[in-house]
Amino acid sequence: MTLSDLAGETGIPLSTLQRAEGQDDIRIGYQDITALAKCYNVSTDYLFGLTHNRQHRHIDVDTLRLSDSAIEMLTGEKFNNRLMSELISHPDFPSLLRAIEVYVDRKVLPQMNTMNAMYKVAENAIKEKHEVADNDEIIALLQESVVDEDAYLRYRISERFNALMKSLFDAHKKDALPDEQTEIIKEMAITIKDYPAQQEQEEKARWKMGFFAKQIGLNLNGLTDEETTILMKALRNSKVYKQGRRQGKRRS
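Written out as structure tokens, the structure reads:
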């Protein structure tokens, strides 16, 4: 929907919508807020960012049929409710839940046990009436037809769960890095860019020490001379530093 379409749908002036979308000096009347909420079929709280729920507000807890412990978990902010919402609303979630329900409630175990018993009866009857070779194909077929109900049902669950998790993972691929990671990457890029092309080995050692100190949050200015000397000695024992010295000697 373009802004022109929205203006025609709500009766709100196009210039007002352009200011609101551009996040410039937003001045919009409550009549326009109501018109937008009706147009998008959402609550006004949702438009203002006061809730993540587009429509359902103050819903009766009893209608959700949740246990007290489940409600305490959901309202206690102990885990990512947003991710939980994505999981529950995923189109493949009902299939996963059905597989879990079948397994937990043992709904198909009687049928599976009956089929397994039939295969066993057939195998025993053949062995009683006939001499059977060790590699008999009929006996092998009957034996392979017996299903380990626990392993089979858990496999169905894991198969559905893995597919659902892969779908959520792909959906979040474009999520930005956390701010702190972004800042670390920027600092590393600046530090590497400022690395001089030609330096003496001692200066290289100090640069490397400063680089690593920054990554671990160590303030070099707060160290005593003795502590700085110890750090320098430790850095000179690194393979990178020794390799740099050997290369410098060969060039000279």
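Numbering (the numbering used here), first residue to last: 24 to 275. We put the CB at the ideal spot given by N, CA and C, even for glycine. Fair warning: this is a prediction, and the values are worked out from it, not measured in the lab.
Can you give me the Cβ contacts of V84 inside the same chain, cut-off strictly under 7 Å, excluding the 5 residues immediately before and after it?
I94
Determine the DSSP secondary structure at T25, reduced to helix, strand or coil.
coil
Does the ligand NAP have a heavy atom nearer than 7 Å to the CB of L110?
As presented, the structure is devoid of all ligands, the ligand NAP included, so that no description of it is given.
Please name the residue in L165, L241 and D115 whose C-alpha comes closest to that of L187.
D115
For a test of the three-state rule: what should DSSP assign to T251, helix, strand or coil?
helix
Same chain, Cβ closer than 8 Å to L110, five either side skipped, listed in chain order
F116, L187 and L191
8 Å Cβ cutoff met for I162 and E146:
yes
Contact check, T33 vs L59 under 8 Å by CB: the rounded distance?
6 Å
For P36 and D28, the rounded distance between their alpha carbons
11 Å
For D105, does the count of other Cβ atoms within 10 angstroms reach 16, so buried, or fall short, so exposed?
Per the sequence presented here, residue 105 reads as Arg, with Asp not at that position. Exposed, since its Cβ has fewer than 16 Cβ neighbours within 10 Å.
Residue range of the alpha helix (DSSP H) that T144 falls in?
For clarity, residue 144 is Val in the given sequence; the question names Thr instead. From DSSP, the alpha helix (DSSP H) with V144 extends over L132 to K152.
Does L323 pass the burial test, meaning 16 or more other C-beta atoms within 10 Å, or should it be called exposed?
One cannot answer for residue 323 here, as it falls past the ends of the chain, which runs 24 to 275.
Validate contact between the stretch 124-143 and the stretch 164-171 using beta carbons, cut 8 Å, 3 pairs
yes
Span of the alpha helix (DSSP H), counted from its first residue to its last, around N185
E172 to A194
Can you list, in chain order, the residues of its chain whose CB lies under 6 Å from that of D55, leaving out five sequence neighbours each side?
I35
In this structure, how does DSSP classify G31 when only helix, strand and coil are distinguished?
helix
So, are the CB atoms of I180 and A122 less than 8 Å apart?
yes
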